[in-house]
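Undergrad: Quick note: to get my numbering, add 28 to the position in the first sequence (first position is 1).
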Amino acid sequence: MKIATFNINGIKARINALPDWLCERAPDVALLQEIKTVDEGFPREIFEDMGYNVEVHGQKSFNGVAILSKLPLEDVQRGLPGDEDDDHARWIEATVVGEKPIRVCGLYLPNGNPVPGPKYDYKLAWMDRLYHRAKDLLAAEEPALMAGDYNIIPQPEDAAHPDKWREDALFRLESRTAWRRVVNLGLTDAFRAINQGPDHYSFWDYQAGAWNKNDGIRIDHFLMTPQCADLLLDCQIDAEIRGREKPSDHVPVWVDLAA
DNA sequence: ATGACAATCAGAGATTGA
Numbered sequence: 029m030k031i032a033t034f035n036i037n038g039i040k041a042r043i044n045a046l047p048d049w050l051c052e053r054a055p056d057v058a059l060l061q062e063i064k065t066v067d068e069g070f071p072r073e074i075f076e077d078m079g080y081n082v083e084v085h086g087q088k089s090f091n092g093v094a095i096l097s098k099l100p101l102e103d104v105q106r107g108l109p110g111d112e113d114d115d116h117a118r119w120i121e122a123t124v125v126g127e128k129p130i131r132v133c134g135l136y137l138p139n140g141n142p143v144p145g146p147k148y149d150y151k152l153a154w155m156d157r158l159y160h161r162a163k164d165l166l167a168a169e170e171p172a173l174m175a176g177d178y179n180i181i182p183q184p185e186d187a188a189h190p191d192k193w194r195e196d197a198l199f200r201l202e203s204r205t206a207w208r209r210v211v212n213l214g215l216t217d218a219f220r221a222i223n224q225g226p227d228h229y230s231f232w233d234y235q236a237g238a239w240n241k242n243d244g245i246r247i248d249h250f251l252m253t254p255q256c257a258d259l260l261l262d263c264q265i266d267a268e269i270r271g272r273e274k275p276s277d278h279v280p281v282w283v284d285l286a287a
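#1: Less than 8 Å between the C-beta atoms of tyrosine 136 and glycine 176, yes or no?
#2: Would you report the Cα separation of leucine 261 and leucine 165, rounded to the nearest angstrom?
#3: Measure the alpha-carbon distance for arginine 118 versus serine 89 and round it to whole angstroms.
#4: Between the region 247 to 261 and the region 218 to 232, are three or more C-beta pairs nearer than 8 Å?
#5: Taking 7 Å as the line, does the beta carbon of arginine 157 fall inside it for any heavy atom of the ligand GTP?
#6: Would you call aspartate 248 buried or exposed, if buried means 16 or more other Cβ atoms sit within 10 Å of its Cβ?
#7: For aspartate 48 and aspartate 103, what's the separation of their Cα atoms in angstroms?
#8: Going straight from the alpha carbon of alanine 32 to that of glycine 145, what length do you get?
#9: Bridge partners for alanine 122 per DSSP, in chain order?
#10: I need the boundaries of the alpha helix (DSSP H) containing leucine 46, first residue and last residue.
#11: Need the endpoints of the beta strand (DSSP E) that glutamate 83 sits in, please.
#12: Proline 138 and asparagine 179 - do their beta-carbons sit closer together than 8 Å?
#13: Given a threshold of 16 other Cβ atoms within 10 Å of its Cβ, counted over all protein chains shown, does leucine 201 qualify as buried or as exposed?
#14: Report yes or no: do the region 148 to 160 and the region 237 to 246 share at least 3 C-beta pairs separated by less than 8 Å?
#15: From Leu285, Ile269, Ala206, pick the residue whose C-alpha is nearest to that of valine 279; which is it?
#16: How long is the line joining the alpha carbons of arginine 161 and valine 210, rounded to whole angstroms?
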């Protein structure tokens, strides 16, 4: 079973590029971030016609997440628990009912810039809630994964030029510490379980020719419970589509599971 | 040091992103 995560940076702007990629890669499940529309504005028919079940957690103009799945989805939950006042659409989870049921969580973690400030405080608070959700997923001792745009550069090798990110909300020590606190609960970074070394990126800025200079960062991740990591066969980044017409600034990352 | 680029909503330019 192939499960992908893809920050599409606006469903309206990606109305051709996303279906094209789905046809080529044919993931069983796609977790989408930054759909940038309300639920009613999401063109679900396009994806239903391709054989996907569609679950959306949208918001006007910004944020917004969705799950596309060729397998049935059960127990859909919207919103990351832990703050009733948080109205950002950044989290959706559901159980994919296949041979082995898998709990999949799609997330769009706050960017956090500028530092310091309320946006950075929100990022750290959101990551604390993520920690608690991860703890509960691990306690269930079942196959589960959390995937999406984490807005975290985990290690220097995950950036072409780590020096210029040193004090950025995506890389500064306090952010990476919050990331490690979640991972160290016992989760597996699927990409790093399969691939090593530098030059693996999932985001290139639109500005200053970042793609042509390969000035990228790896910020889109899969974290897996041990029961899910046991099923991991492969994990790759579809970097090539960043060079196509009207691309998102992120590219898809996918896993292949023995399930 | 700054801006560069793109998307959204709106119908210009501010806001957001990373």
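Glycine is no exception: its CB is placed at the ideal position from the N, C-alpha and C atoms.
TA: Working from what's here:
#1: yes
#2: 21 Å
#3: 13 Å
#4: yes
#5: Among the components modelled here there is no ligand, and therefore nothing to report on the ligand GTP.
#6: buried
#7: 29 Å
#8: 32 Å
#9: Val132
#10: 45 to 53
#11: 81 to 85
#12: yes
#13: exposed
#14: no
#15: Ile269
#16: 10 Å
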